[in-house]
Each structure stands twice: as C-alpha cells, then as structure tokens.
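In the working numbering, the protein residues as written are 864 to 1049.
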C-alpha cells in the first residue's frame, strides 16, 4: 500500500511505541507501493480502502499514525487483503482485520461480484497490550453476521481463544481455528 511506510505507533503503558515498517525499505526494488486495488493476474487481486465501519475492534483505539507531528487514530488504510479466484469460488485472505472482518468481507464481495466461499483471517478480537478479549456483544454480533453468509471461516492468532469459542458457539461449523503450519484442504 502507498500508506505502508507512514509512522505507525501502539500506545502501551502510556508511551507510544513505533510498530511501523523500517522506512529504509520503502525504496527497495522489490517493494511495489500500490493504490487501493491491484490485480496481479486473473486469480489474484489485492485491495484496501475499507469505507464501512461496522463491528470494529476496540483494541484499535490504542493504535496511531503520526501525521504532521500529531498522533491520530490509525484508520488502517494501509491494511491490505487478498482475493484468490479458483474455479467458480473466491477465497479472502486477511491479516488481523483491523478494519473489521464484516466490512472487509462486504468490500471483497463488492469487488468480486460474489460472496467469498472461504475467509482466512485473524479477527483482532483480543487486545494483546491489555490482555483482554473484545466485548462479548460485539463478538456475538459478528458471529450472527456469519450465519447469514455462505462462507466458511478459518481464523487464528489475533482472534483470541475466548472470542473464538464464542464465535464457534454461534457459528458452529461455519468457523474453524487454524494454527501456523497447519494444512487445510479447501
């Protein structure tokens, strides 16, 4: 993303800690700074620019971008997502989904002109700085949106185990937990 090398910070113990990329890498020949959508080929497309703001993780409140010497709440406009097209279905890959997995799925569906069959993503429902799981009502609301989709979800690390158990209790077979090194057959 063209926003990838801005100055990003996490507020922890009353101090702002730089969590951004090494700015020396910005001009590296293997780095391509792209706009909001980028088609790699007919099977791969990267996108960002999530404008919807439903079901956002509150842990985002401790993340900032420094602009003109001022710390502002991070809008995660630098966060990117990947749609993989295979046969007649689409799979969404996301990192921690700071922009809210529901919003990201909605945007992916708009771009692909169809619902995602699979979604592989963390949901950022655990705040590692405060060691706290997201509000239970928010987690339940997200799980209830999953019930309205024909998508199978695979989630991991930043969702958190407690949040995953709540999601699983509602969405049941629509959601699975994956770990590093695990192989899934889609």
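Think of the CB as a built atom: it goes at the ideal place given N, C-alpha and C, for glycine as much as any other residue.
Computed from a prediction, not measured in an experiment: that's the story for all the values here.
To which residues does DSSP link residue 929 through a beta bridge? For the purposes of this step, residue 929 is taken as residue 66 along the chain shown, with counting starting at 1. 870, 934, per the DSSP bridge assignment.
How would you write the range of the alpha helix (DSSP H) that residue 1009 sits in, first residue to last? Counted from its first residue, the chain shown places residue 1009 at position 146. In the DSSP annotation of this structure, the continuous segment of the alpha helix (DSSP H) that includes residue 1009 starts and ends at 999-1010.
So, for residue 1014: in the same chain, excluding its five sequence neighbours on each side, which residues have a beta-carbon less than 6 Å away from its beta-carbon? Within the chain shown, the letter at position 151 stands for residue 1014. Result list for residue 1014: 979, 982, in chain order.
Rounded distance between the beta-carbons of residue 917 and residue 947, thought under 8 Å: The residue you call residue 947 lines up with position 84 of the chain shown. The residue you call residue 917 lines up with position 54 of the chain shown. 24 Å between Cβ atoms; not a contact.
Please name the residue in 911, 960, 1002 whose C-alpha comes closest to that of residue 974. Here residue 974 refers to the residue found at position 111 of the chain shown. Looking at the Cα atoms, 911 is the closest of the given residues.
Counted within 10 angstroms of its Cβ, other Cβ atoms place residue 989 as buried (16 or more) or exposed: As a position in the chain shown, residue 989 is number 126, starting the count at 1. A buried status is given to residue 989, since no fewer than 16 other beta-carbon atoms sit within 10 Å of its beta-carbon.
So residue 904 is in the beta strand (DSSP E); what residue range does that whole segment cover? Your numbering for residue 904 matches position 41 in the chain shown. Residues 900-904.
Out of curiosity, what's the CA-to-CA distance linking residue 903 and residue 939? Start at 1 with the first residue of the chain shown, and residue 903 comes out as number 40. Start at 1 with the first residue of the chain shown, and residue 939 comes out as number 76. Taking the straight line joining both Cα atoms gives about 22 Å.
Express the C-alpha separation of residue 1033 and residue 937 in angstroms, rounding to a whole number. Sequence index remark: in the chain shown, residue 937 carries index 74 (1-based). Sequence index remark: in the chain shown, residue 1033 carries index 170 (1-based). Answer to the nearest angstrom: the Cα atoms are 30 Å apart.
Compare the beta carbon distance of residue 866 and residue 941 with 8 Å and say whether it is the shorter of the two. Position 3 of the chain shown, counted from the start, is the residue given in the question as residue 866. Position 78 of the chain shown, counted from the start, is the residue given in the question as residue 941. Contact: yes.
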